[in-house]
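Novice:
Numbering (the working numbering), first residue to last: 66 to 825.
1) Do you know how far the Cα of residue 243 is from the Cα of residue 284?
2) Residues in its own chain within less than 8 Å of residue 418 by CB, not counting five upstream and five downstream?
3) Would you mind stating whether residue 266 and residue 377 have Cβ atoms separated by less than 8 Å?
4) Hey, residue 744 and residue 709: beta-carbon distance below 8 Å or not?
5) Assign residue 769 to one of three DSSP states: helix, strand, or coil.
6) Report the residue ranges of all alpha helix (DSSP H) runs contained in full by the segment 417-477; include only those spanning at least 4 residues, in chain order.
7) DSSP on residue 145, reduced to helix/strand/coil?
8) Are the beta-carbon atoms belonging to residue 497 and residue 541 less than 8 Å from one another?
9) For residue 697, report the span of its beta strand (DSSP E) as first-last.
10) My assumption, with CB atoms under 8 Å, is that residue 433 sits in contact with residue 210. Please give the rounded CB distance.
11) With three or more C-beta pairs closer than 8 Å as the rule, is the segment 573-588 touching the segment 425-440?
12) Taking 7 Å as the limit between beta carbons, can you name the residues of its chain near residue 258, skipping five residues before and five after?
13) For residue 177, does the three-state DSSP call read helix, strand or coil?
14) Residue 803 lies in the beta strand (DSSP E); which residues open and close that run?
15) Counting along the chain, where does the beta strand (DSSP E) carrying residue 634 start and finish?
16) Grab the span of the beta strand (DSSP E) containing residue 668 for me, first residue to last.
17) Where do the N-terminal and C-terminal ends of the beta strand (DSSP E) with residue 755 fall, by residue?
18) Nearest to residue 571 by alpha carbon, out of 551, 414 and 539?
19) Kindly identify the DSSP beta-bridge partner or partners of residue 681.
20) Give the straight-line distance between the Cα atoms of residue 509 and residue 545, rounded to the nearest whole angstrom.
21) Roughly how many angstroms lie between the CA atoms of residue 303 and residue 272, to the nearest whole one?
22) Using a threshold of 8 Å, state whether the C-beta atoms of residue 114 and residue 264 are closer than that.
23) Starting from residue 788, follow the beta strand (DSSP E) in both directions and report where the run begins and ends.
24) What do you get for residue 626, buried or exposed, if any count of 16 or more other CB atoms within 10 angstroms of its CB means buried?
25) Less than 8 Å between the C-beta atoms of residue 420 and residue 207, yes or no?
26) For the segment 157-244, which segments carrying the alpha helix (DSSP H) assignment without a break, of at least 4 residues, lie completely within its bounds, in sequence order?
27) Specify, as a first and last residue, the run of the alpha helix (DSSP H) that residue 288 falls within.
28) What is the rounded straight-line gap between the Cα of residue 301 and the Cα of residue 555?
29) Below 8 Å, can you find three or more Cβ-Cβ pairs linking the segment 755-764 to the segment 319-330?
30) Tell me the residue span of the beta strand (DSSP E) that contains residue 811.
31) Quick check on residue 264: does DSSP put it in helix, strand or coil?
32) So what does DSSP say about residue 563, is it helix, strand or coil?
33) Here's the rule I'm using: 16 or more other beta-carbon atoms within 10 Å means buried, otherwise exposed. How should residue 615 be labelled?
34) With burial defined as no fewer than 16 other Cβ atoms inside 10 Å of the residue's Cβ, what is the status of residue 474: buried or exposed?
35) Using only CA atoms, which one of 185, 472 and 457 lies nearest to residue 503?
36) I need the straight-line Cα distance from residue 487 to residue 399, nearest angstrom please.
Given below as structure tokens:
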């Protein structure tokens, strides 16, 4: 699909200065905006590349590893622990910053609106208060949406799907940049203060991952600063391990759940796992929750009381009044079924909405307008429901931060206002812990209904926001409603305490939407500080997942699929044993000879139709007797570094020694290798020869062409490969298996289906 303009662009680029970043490429082409973008979820996008999780064991690497003695290895290990501690501390501090800023800004907004409502209730004209509230919300959300839509679109949403992809081994552009972190933090503060139905917990996971990726590299490519530390870790293998530690630290700061964080990284993320990594990740999580705890307790003025381990605190559940009996287990399982069905409904609605957004609302200005519309509607719905509610509760003995009197008698407050006139975190805790009788069932029913649709509409807007807290809030509301109706039915017997059912409802709803089992059970247990509820929570989450999976997949997997990311699950599709590597692989393969002309290499790399990233290296002089067997594998990034440093010799004197490159040269170019268009090779240099033998990986993983798909898949997934060469029985290269070839096959409704590949 080369248009003249793009050819022209390639022509302009051939003499770009090397240090100019790749971003120059993106800015030159004016973006055309069609009215509708046709989008099909049965596609796999070709714009996502894999991470090189597998080390290239070329001669340089082996020489360096042999030079390192035992003490040096110990220093590297100590450095890893230091990085993990720094990740924990910084993630905890970012969480503190978000929490304190949100608390102050939201408090300010609620005080202004409350004063205004109190003033106008006496002398009439409440529509002004509504206008003020809606305008405040919309303007705050506008700022939060503008920075995301126009500066860094990757920061939209909760960031958990993106981090899941990164840990799965997919390189999502811009996902772990410093710019993304700044936009993410500011955006999440603005969207929570703007009163949207969102939480600030999901984005913490993304923030932790960005912090980890940044610290472990010891430099910032965005700020163009190199601190000359941690140079050993400048490769995808190490970076990805640290990113999983960062994600765990984020979970742990958000929920005060260090074990839950480790399990989250295990369940959602890393494909390749080892014991030491687990221990380091746990260390990072512990440090992060401890940092958050100590800073927040100093901020709240009781320096030695470490009582706020996470951004959301469910408060303590006491065993005496909140125990459960054996006959309640079926009730909990039933709640799990309800949560699964509601979660599936939520995901199905959000799926249609996201398809609509991808097709029609793809311009940044439209996205900002939609975000402002949602903010104004949220405020209006809240106001109307508070206005129509006649549910009054006595003020004394209640813990409401901003009690709104409105039309209630003196000494009473409107109980609908506590749900809407509060950050969602506080509302969840109120639903868990308010004494029985503090909510009218009608209030709860209306609130659940409205909040369900608002939260569904809000997820997927162009703002940074998590879906954890809204789903907990919806679940807690209907769970409490369920508990109240149970105690009506059983004439107020002691075991039907509404708070306990609110907790189970929250777990069921969240499990029904995101479908995490192991980590979510532990997170809920750690957040409530109560192990007795482990069994019922686990039952509820299992039921919700089984019931929900029957209808539609989890929210995060759905968004990954909608973005056409080649995501590899744990196992190959069940019915895929009939396929062999010969049917799956890509052919024909572009091979390089061991000693190759520079011109050939440049032509292969600049060929836009085949954007390959790995090239098998074959024997250079095949005569009649000798087979061109596989000798190794070399990556595009390595070839580019070789060309940039002009590591080649003229044809006449092949015996001359080429200029020696160090591994440091490759590490300094990581992670943004210059594009081939920016490397200038003169006509004379094109005739030179380049010897690849000490830079290629001489022992790439290969499979015979008769291997079955599950076998290929297992090898690929467990080792985190990027290229898998397929050879015949004479060791000649016949094909190449990459991530796209494996992710193409998926179990659909009618059995195995094959997705098509798209350039978008």
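Where is the CB? At the ideal position from N, CA and C, for every residue including glycine. Every value quoted in this text rests on a predicted model; they were computed, and no experiment measured them.
Specialist: Walking through what the data contain:
1) 11 Å
2) 521, 522 and 525
3) yes
4) yes
5) strand
6) 429-453
7) helix
8) yes
9) 695-700
10) 5 Å
11) no
12) 167, 170, 171, 174 and 205
13) helix
14) 798-803
15) Segment: none, residue 634 is in no beta strand (DSSP E) and carries neither H nor E.
16) Where residue 668 is concerned, there is no enclosing beta strand (DSSP E), although the alpha helix (DSSP H) it sits in stretches over 663-671.
17) 754-756
18) 539
19) 698
20) 8 Å
21) 18 Å
22) no
23) 788-792
24) buried
25) no
26) 192-211 and 225-233
27) First-last for residue 288: undefined, no H or E at that position.
28) 59 Å
29) no
30) 810-813
31) strand
32) helix
33) exposed
34) exposed
35) 457
36) 30 Å
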